[in-house]
Structures are given as C-alpha cells and as structure tokens.
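Please read the structure below before turning to the comments.
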Amino acid sequence: MSAKECVIPVFVPHLGCPHDCVFCNQRRISGSETPATAATVLQAIKQSAALPRSGAKRQLAFYGGSFTAIEASRQEELLAAAAAAAERGEIDSIRLSTRPDAIDGEALARLKRYSVETVELGAQSMDEDVLRRSGRGHTAADVVQAAKAVKAAGFRLILQMMTGLPGDSAERDVETAKKLIALHPDGVRIYPTVIVRDTALYDLWRAGKYREHTVEDAVAVCARLVPLFDEAGVPIIRLGLNPTEELSSGAAVGGAYHPALGELVRARVMRQKALGLLQGVEPGSAVTLGVRAEELSQMIGQRRENISFLCAALLLSELKVRSCAAEKGEIVILSVEKNGKV
Ligand code: SF4
436 MSAKECVIPV FVPHLGCPHD CVFCNQRRIS GSETPATAAT VLQAIKQSAA LPRSGAKRQL
496 AFYGGSFTAI EASRQEELLA AAAAAAERGE IDSIRLSTRP DAIDGEALAR LKRYSVETVE
556 LGAQSMDEDV LRRSGRGHTA ADVVQAAKAV KAAGFRLILQ MMTGLPGDSA ERDVETAKKL
616 IALHPDGVRI YPTVIVRDTA LYDLWRAGKY REHTVEDAVA VCARLVPLFD EAGVPIIRLG
676 LNPTEELSSG AAVGGAYHPA LGELVRARVM RQKALGLLQG VEPGSAVTLG VRAEELSQMI
736 GQRRENISFL CAALLLSELK VRSCAAEKGE IVILSVEKNG KV
C-alpha cells in the first residue's frame with residue numbers, strides 16, 4: 436500500500452472460516468462482533484467520506500475472515516455493494532483477505548466480476564509441522580497453488596506470514612520468508628504471534644504447552660526477515676498487529692503485542708548493520724555515523740538503545756549519529772577519532 440492510500444476496513448469476523456486457527460479470535464483482534472452486510476459496507480464508506488481526502492486513493496478492504504469461503508450469496512452481496520460504490524467514484528479499489536485453500540477458478544472469477552484489485556492470502560507459515568500445530572487446515576502446497584492462481588488471474592497478491600507459532604523457530608520463519616519471496620508477491624504482512632484471550636493458543640500457553648513469542652523474540656527474528664524482503668524488493672506493508680482498543684485493554688495477554696513493533700524491528704536491523712560496519716574500529720574510538728534524516732530515530736533506537744548497545748559491544752568512547760545524504764537504509768561512517776586523531 437502506498438502512503439497515498441486510505442483504507443476503509445469492513446470486518447467479516449470469522450465468516451467462512453472452516454477452522455479455528457489456534458491463535459485466532461477475529462472478534463477480539465478486529466474489535467468487531469457483527470458480520471458485515473451490504474449495509475455495513477455502505478455505512479463504512481459513508482463514515483470515511485467525512486474524513487479529509489487529501490488526494491489519497493480510497494481502498495475498501497474486507498478483513499478478518501476467509502472471504503472466498505463465505506457462502507457465495509453473501510460474497511455477492513458484499514462485493515456488489517463495494518463495486519457499486521466504486522462505480523459511483525466513492526472508492527478507488529477493493530481488497531480482501533482469505534485462506535489459500537479457499538481459492539479456485541470460480542472464486543477468482545467472482546472477484547474479477549466485481550473488480551477486486553488485491554487478494555491477500557494468509558499463508559502464515561510454509562512449514563507443514565507449524566501449519567498442522569497451528570490448526571490451519573491447509574498445506575504449504577495450497578499456498579503455492581493459490582498464490583500462482585491469484586497472480587495468473589491478474590490480481591495484486593499480498594501474502595501474510597506469522598512468526599512464533601506453535602512448533603516454529605527462527606530458522607523455520609526464515610525458510611517461510613524465502614518461500615514466500617519465491618512466489619513474487621506484491622507485498623507482505625508479517626504478524627508475530629500474539630496470545631489473545633479465548634483462543635486455543637491461550638489455553639496451550641496456560642497449560643505450559645506453548646512458549647510465548649515475546650516482543651524481543653519477534654524483534655530478533657523479524658530483523659532477519661526484513662532484509663530478505665528488502666533485498667528481494669518485496670514491500671513490507673505491515674509488521675505487527677494493528678493496535679486496537681480491545682487488544683490493548685486486556686485481550687492481548689502475551690506474545691509480541693507492541694504498538695511500535697515495526698519501528699523496533701527497523702531499529703534492530705540498523706543496529707546489526709552498524710555492528711557489521713564498525714567491526715575493526717579500535718576500542719576507545721569516538722565514532723560519528725550518518726544516515727538519512729528520516730532514519731535517525733531507527734539508528735538511535737528507542738531510549739537510545741542502539742547507541743548504548745554499540746558502545747558497549749565495540750568498547751567505543753562515544754557514538755554520535757548525524758543526518759547525511761545516504762541511500763535508504765545505508766549507514767555511512769562520517770568520522771572515527773582516537774586520542775584526538777581522526
Ligand atoms: S486466522 Fe484466518 S482462517 Fe484462521 S480462524 Fe482466523 S480468520 Fe479464520
């Protein structure tokens with residue numbers, strides 16, 4: 436999604452889901468209890484029309500269920516309402532999310548008829564053991580097949596993956612990322628696992644059968660995934676669950692729930708880059724690094740965490756960060772001083 440896109444969300448909580456994935460309670464995650472109807476679609480568009488447009492493209496997004504597994508008549512009702520709004524110029528595009536095993540020729544033909552632009556597939560993992568233990572009810576082969584069909588039919592393809600699921604490991608997450616990149620998506624969303632109340636995962640965790648994927652675990656593994664997607668030119672359009680009032684006020688009981696998770700991960704990526712770049716700098720040196728102005732806070736880290744970490748790890752006497760004309764994601768050594776000598 437570009438910065439010039441404004442999303443109008445319509446939640447279809449759990450509609451069409453043939454399984455209860457262990458981590459999922461969409462009613463709590465989305466904060467929405469009622470299934471959407473045509474009236475919900477029109478209401479969402481009407482409410483968003485009151486917001487200033489500032490030239491942003493308006494995308495209607497059906498979230499939170501398995502759209503193409505919903506009974507066909509309900510899909511038609513929702514899509515017809517959205518497509519009519521698009522014809523009236525009230526929205527610019529339609530997006531929806533669904534399961535990989537709910538994609539076939541008939542489903543895609545229906546989405547085409549109503550001019551859907553983007554299909555998001557919840558892949559979550561490409562590891563069979565993780566998929567099975569997470570109750571997903573589909574295989575990695577289903578993801579491959581569905582992703583290819585979505586692309587071949589001319590839709591924009593967004594893939595979602597999770598980290599820290601039951602049976603998961605950092606290596607398995609890295610493998611999943613590589614397999615998703617090989618499917619050439621137009622973007623990915625990465626959702627580190629959050630333990631939400633009233634889910635099977637919550638029960639597993641309470642019973643000591645699932646080890647929590649902490650914020651630190653998520654930051655560490657995502658800092659390995661982000662460079663893979665960046666290098667492959669696959670935009671990461673979301674990292675971490677969108678904070679909602681429901682999650683923040685107690686539904687998220689553990690796991691990687693943090694309102695600024697994406698920032699924490701980007702800061703960790705910068706820290707790792709700086710660590711590699713400064714290997715060989717003599718202990719006791721005072722170093723000044725340069726990054727783009729908009730990446731200063733990522734380089735410094737929350738509560739100057741990266742500065743403290745790098746000074747301690749490399750025994751630097753001082754580390755300063757300045758803005759400079761660097762490339763996106765690039766770190767430049769502006770100066771290294773030791774005993775007053777440059
Ligand atoms: S993760 Fe997706 S498929 Fe699984 S229960 Fe939740 S909404 Fe349904």
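Reading the sequence shown from the start, the letters are residues 436 to 777 in the numbering used here. Cβ coordinates follow ideal geometry from the N, Cα and C atoms, glycine included. Remember, it's a predicted structure, so these values are computed and weren't measured experimentally.
Legend entry - Residues near R591 in its chain [Cβ-Cβ closer than 7 Å; skip 5 each side]: By one-based count along the sequence shown, residue 591 stands at place 156. Correct list, in chain order: E552, T553 and D621.
Legend entry - Separation of R739 from Q478, as counted between CA atoms: Mapped onto the sequence shown, residue 478 falls at position 43. Mapped onto the sequence shown, residue 739 falls at position 304. Cα-Cα distance, rounded: 44 Å.
Legend entry - Candidates P662, C456 and S560, of which the one nearest D633 by Cα: As a working note, residue 633 is residue 198 in the sequence shown. Considering only alpha carbons, the answer is C456.
Inset, instruction - Answer yes or no: do G602 and D564 have a C-beta to C-beta separation smaller than 7 Å? - result: For the purposes of this step, residue 602 is taken as residue 167 along the sequence shown, with counting starting at 1. For the purposes of this step, residue 564 is taken as residue 129 along the sequence shown, with counting starting at 1. Result yes, Cβ atoms of G602 and D564 sit closer than 7 Å.
Inset, instruction - Report the partner residues of Y645 according to the DSSP bridge assignment. - result: Sequence index remark: in the sequence shown, residue 645 carries index 210 (1-based). None; Y645 has no bridge partner.
Legend entry - Exposure of D614, with buried meaning 16 or more beta-carbon neighbours within 10 Å: What you label residue 614 is simply residue 179 of the sequence shown in a count that begins at 1. Note on residue identity: the sequence assigns Lys, not Asp, to residue 614. By the 10 Å Cβ count, K614 comes out buried.
Inset, instruction - With a threshold of 16 other CB atoms inside 10 Å of the CB of V722, please say whether the residue is buried or exposed. - result: Position 287 of the sequence shown holds residue 722. Per the 10 Å Cβ criterion, buried.
Legend entry - Cross-strand partners of P627 (DSSP beta bridge): Sequence index remark: in the sequence shown, residue 627 carries index 192 (1-based). Per DSSP, T598.
Inset, instruction - Check the DSSP bridge columns for L754 and list the partner residues they point to. - result: Translated into positions along the sequence shown, residue 754 becomes position 319. BP columns for L754 point to V722.
Inset, instruction - Verify the contact flag: G557, CB atom, against every heavy atom of the ligand SF4, threshold strictly below 6 Å. - result: By one-based count along the sequence shown, residue 557 stands at place 122. Under cutoff, so the answer is yes.
Inset, instruction - Measuring alpha carbon to alpha carbon, tell me which of G599, G689 and Y626 ends up nearest R641. - result: Taking the sequence shown and counting its residues from 1, one reaches residue 641 at position 206. For R641, the nearest C-alpha among the options comes from G689.
Inset, instruction - Compute the minimum distance between the beta carbon of R567 and the heavy atoms of the ligand SF4, and state whether it is under 6 Å. - result: Position 132 of the sequence shown, counted from the first residue, corresponds to residue 567. No, since every heavy atom of the ligand SF4 falls outside the 6 Å radius drawn around the Cβ of R567.
Legend entry - Residue-chain proximity (M734, chain D), Cβ-Cβ < 7 Å: This model lacks chain D altogether; it includes just one protein chain.
Legend entry - A657 - containing alpha helix (DSSP H), residue span: Here residue 657 corresponds to residue number 222 of the sequence shown, with the count starting at 1. Position check: residue 657 holds Cys in this sequence, whereas Ala was assumed. Taken as a continuous stretch (DSSP letters only), the alpha helix (DSSP H) holding C657 covers V650 to A667.
Legend entry - Span separating the alpha-carbon of L543 from that of V585: Mapped onto the sequence shown, residue 543 falls at position 108. Mapped onto the sequence shown, residue 585 falls at position 150. Approximately 7 Å between the Cα atoms of the pair.
Inset, instruction - Find out if the Cβ-Cβ distance for the pair T649, F458 is shorter than 7 Å. - result: The residue labelled residue 649 in the question sits at position 214 within the sequence shown. The residue labelled residue 458 in the question sits at position 23 within the sequence shown. Contact flag unset, no.
Inset, instruction - Select from I526, A518 and G500 the residue whose C-alpha is nearest the C-alpha of E440. - result: Translated into positions along the sequence shown, residue 440 becomes position 5. When only C-alpha atoms are compared, the closest one is I526.
Inset, instruction - Indicate whether S528 and Q494 have their beta-carbon atoms separated by less than 7 Å. - result: Taking the sequence shown and counting its residues from 1, one reaches residue 528 at position 93. Taking the sequence shown and counting its residues from 1, one reaches residue 494 at position 59. The answer is yes: Cβ separation under 7 Å.
Inset, instruction - Take every Cβ of the segment 712-727, pair it with every Cβ of the segment 764-777, and state whether three or more of those distances are shorter than 8 Å. - result: Touching, yes.
Inset, instruction - Just mark M436 as buried or exposed, buried being the case when its beta carbon has 16 or more other beta carbons within 10 Å. - result: Along the sequence shown, one-based indexing puts residue 436 at 1. Below a pLDDT of 50, predicted positions are generally treated as unreliable, and M436, at 46, falls in that range; the measurement from the model is reported next regardless. So M436 counts as buried.
Legend entry - Cβ neighbour criterion (16 or more within 10 Å) applied to R624: Here the question's residue 624 lines up with position 189 in the sequence shown. Classification for R624: buried.
Inset, instruction - Could you tell me which uninterrupted alpha helix (DSSP H) segments, each at least 4 residues in length, are contained entirely in the segment 501-535, listed from first to last along the chain? - result: 507-522
Inset, instruction - Report the rounded CA-to-CA distance for Q510 versus R530, giving the unit in angstroms. - result: Here residue 510 refers to the residue found at position 75 when the sequence shown is read from its first residue. Here residue 530 refers to the residue found at position 95 when the sequence shown is read from its first residue. Those two C-alpha atoms are separated by around 13 Å.
Inset, instruction - Take Y692 and list the residues in its own chain whose beta-carbon comes closer than 7 Å to its own, dropping the five residues that flank it on each side. - result: Counting from one through the sequence shown, the residue named residue 692 turns up at place 257. Within the same chain, Y692 has close Cβ partners V629, L676 and L682.
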